Each structure stands twice: as C-alpha cells, then as structure tokens.
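Okay, so here's the structure we're looking at.
In this note's numbering, the protein residues as written are 8 to 380.
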C-alpha cells in the first residue's frame, strides 16, 4: 500500500520527479564516465605488461614500473631455460625515443623490441600486417589511432627514430601506451635505436608450463638470481599503475572530479525531493489525518527515493553504456570492468537515500491538522 502511494505521488508530479531522476542520471553518467576514462588510462599504463604473454618478469632491482628497468645480461636466459617448469624465456628491450615526422617535427615514442622468431612481448592486435612483418630489418609498427599524429603514413613509409632509419611494416589497433606512441620492432633494430649493447636486454620474460606453479617458479628464480627482482606479471602491472598514479597526480584529479559529480547529483536529489514534499504537504497531512503514522510517511518518502534511484540508474547506465561503446577504439581511453557497475549502482542508491534525508525530516514534521485549513 505504501509502495503504491509513493509511486502515485511520483507520477502525479512528473516535473519534480524528472528533476530528481536527472540527479541520479548525473551521478551515474558523470561518475561512470570518469571511472571509464580512469580505467582506460590504467590499461594504457601497463599495456606492455598485461599483454606480454609472460607469467614472470625478471628485472633489475628496485624496478617500480616497466619503463624504469635497467639492463640485464642475455646469458641469464640460458640458465633459466634449463630449469624444469619453464616453457620459454625471452628477452625484451623497452626504451624511449624520438620519431622524426615528415614535416621535421619530433614525436616521443615508446620502443618495444622482441627477439626473433618468437617475438615474445610483441603486439597482439593488428589492423594490417602481423608480427612476422616486424622480422624485416627496419620494420616497425605504429597504432592506427596515432596515424593522424604522424601525418597519416602508409605501409612502406620511412621514418627516423633516434636518427635510425625505420620503415612502417605493420599497423596495430588500439595498442597504445600511457607515455607516448608504442612502436614495436625486432630486437636488432631496437638495439640500434636505444643504443643497447649486443649482450644485454631490458627484461627477461618467462612463461611457465604450469600456471598453478607461478609462485613456486618465482621463488626458484629468485634463489637463482638473488641480485635481481623476480616479479609476476600481475605484480608488475600493479606496480606500474601505482607508479603513474602517484607521480602524475592522475588519481587525485579523477578522484576530485568523481566526488564533484556525486555531490552535484546529491544536491539535485535533495532539493527536488524537498521541493516535492513541500508541494505535497497537504497530501501528507491527509495521510496523517487518516491514521498514517510518522513511520508510514517516512517509508513512503523512502520508497519514492528508491523508485527515483532505480529509474535514474537504468537511464544513467544506458547512457554510460553508449558512451563506452562509441569511444571504443577511439582516441579517448575508456574501459569499464564488469565489477564496477554493480558497486557504482549500490553507492548511487545510498547517495539517493542520503539525499532524501532532508525531505524525510520535513515530511514527518507535517501537522495532520493542516489538512483541514
């Protein structure tokens, strides 16, 4: 009965209800949009780690992100592949460079060099070409989303990176880094670009035969190389993301924007719900005069906030889903993990309840005698 009364009151004053629903939509969309961009940037930060195909990374000591690793002797690989439980161990070179564009300007790039023939740690999603295209002595790949920045090049075009001649042989799709354009190439060309000694690499990628034994292999490798850091892929991914969050201010910026979006929604809900109660004082007074208790009035207002929250959540997540869909494979990073929407919806419901507290307090203070004035 109280649910029906709450719903009828909402439908009777549709303009006020629409204002409250718009507040919920603001919370869902504004906060959700910021979260989607934030998680999209998180993916960019650790993209070379997450899609490397390796289970373990062997790096220099005190490595706190993928780009801060030093150099390792290549001979360590021979000792690793002799261990039982290791499927393969491959070197990778990760470095920074400057790509000279056709107009003479320079563009910062992130170089990832892989060893033939496995090309472990290489690109995983191609628009044109493949990893085999990078076996070419000068072959590199760039991402399709970076084409406008590079002047819309074509396959076969020649560039310079750190004064080394390179040739575009493949085009990746949505393979972008946080620190600049990601350029994949073979290890020999990466050595020339980064001026790496022939017997050293940035990191060593390790793939274990039994995925359940990753921690055990990690301990074994740590005993074998006590002066190095042995880190699982998940750990290095978290370290890299944490490094950028702490050193770029991105966490605080998105956190502040998210809080502002939530506050705007709460204020809209609070004001419209309070206005709704003011406009219906006589209705609540009649309910009290007919025998409704303060608790009944309180429950009615609570049901109204729940109905408003549910309508706003449905509409808000519809808009948010469209936003994520249309920004996929675009220059705007957006990604929404599946576990985020339920949590977002739950906290939005709590915010709606919080925003309606002022209206609840006003509703239970209405004098039943005012219905006869």
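For glycine and all other residues, C-beta sits at the position ideal for the given N, C-alpha and C.
This one's a predicted model, so the numbers in the text were calculated from it and none came from an experiment.
Residue 263 and residue 34 have their alpha carbons spaced roughly 14 angstroms apart.
In this structure the stretch 260 to 278 does not touch the stretch 89 to 98; the number of beta carbon pairs closer than 8 angstroms is below three. A Cβ-Cβ contact shorter than 7 angstroms links residue 53 with residue 244. With respect to the 7 angstroms criterion, residue 62 and residue 229 are not classified as neighbours on the basis of their beta carbons. Excluding five sequence positions before and after residue 105, the CB atoms of its chain that fall closer than 8 angstroms to its own CB belong to 113, 114, 115, 116, 168, 169, given in chain order. Contact check between the stretch 275 to 285 and the stretch 326 to 338: fewer than three CB pairs, one atom from each, fall below 8 angstroms, which does not count as touching.
Here DSSP, grouped into helix, strand and coil, assigns residue 148 to strand. When C-beta atoms of the stretch 143 to 151 are compared with those of the stretch 187 to 200, three or more pairs fall below 8 angstroms, so the two segments count as touching. In this structure, DSSP gives residue 185 a state outside helix and strand, which the three-state scheme calls coil. In this chain, the beta strand (DSSP E) harbouring residue 134 covers 133 to 135.
Less than 7 angstroms separates the beta-carbon of residue 373 from that of residue 288. Counting along the chain, residue 196 sits inside the alpha helix (DSSP H) bounded by residues 194 to 201. Pairing residue 47 with residue 233 gives a Cβ-Cβ distance that is not under 7 angstroms. A straight-line Cα-Cα distance of about 9 angstroms links residue 80 and residue 210. Across the set 185, 237, 231, 94, the C-alpha of 237 shows the shortest separation from the C-alpha of residue 222.
Taking all protein chains in view, the Cβ of residue 298 is surrounded by fewer than 16 other Cβ atoms within 10 Å, so the residue is classified as exposed. Residue nearest to residue 128 within the set 98, 66, 111 is 98 (criterion: CA-CA distance). Residue 185 counts as buried, since at least 16 other C-beta atoms from the protein chains shown sit within 10 angstroms of its C-beta. Taking a 10 Å sphere around the C-beta of residue 36, we find 16 or more other C-beta atoms and assign the residue as buried.
Residue 94 sits in a strand when the DSSP states are folded into three classes. Looking at the DSSP output, residue 306 bridges to nothing.
Per DSSP, residue 342 lies in no alpha helix (DSSP H) segment and is marked neither H nor E. The Cβ atoms of residue 56 and residue 318 do not sit closer than 7 angstroms to each other. Residue 308 is positioned such that its CB atom lies closer than 7 angstroms to that of residue 366. A straight line joining the alpha-carbon of residue 176 with that of residue 235 spans about 35 angstroms. Residue 103 and residue 203 have their alpha carbons spaced roughly 12 angstroms apart. Shown here, residue 170 sits in coil according to DSSP, grouped into three states, outside any helix or strand. Residue 100 sits close to residue 208, with the two beta carbons spaced by under 7 angstroms. Counting other Cβ atoms within 10 Å of its Cβ, residue 363 reaches 16 or more and is therefore classed as buried. For residue 235, the three-state secondary structure derived from DSSP is strand. Residue pairing by DSSP places residue 63 opposite 213, 239 in a beta bridge.
Taking 7 angstroms as the cut-off, the Cβ atoms of residue 108 and residue 157 count as close.
If you draw a straight line from the Cα of residue 255 to the Cα of residue 71, it is about 14 angstroms long. In the structure shown, residue 102 falls within a strand segment according to DSSP collapsed to helix, strand and coil.
Between the beta-carbon of residue 240 and that of residue 59 there is about 6 angstroms, and that keeps the pair under the 8 angstroms contact cut.
In terms of Cα proximity to residue 338, the closest of 348, 180, 322 is 180.
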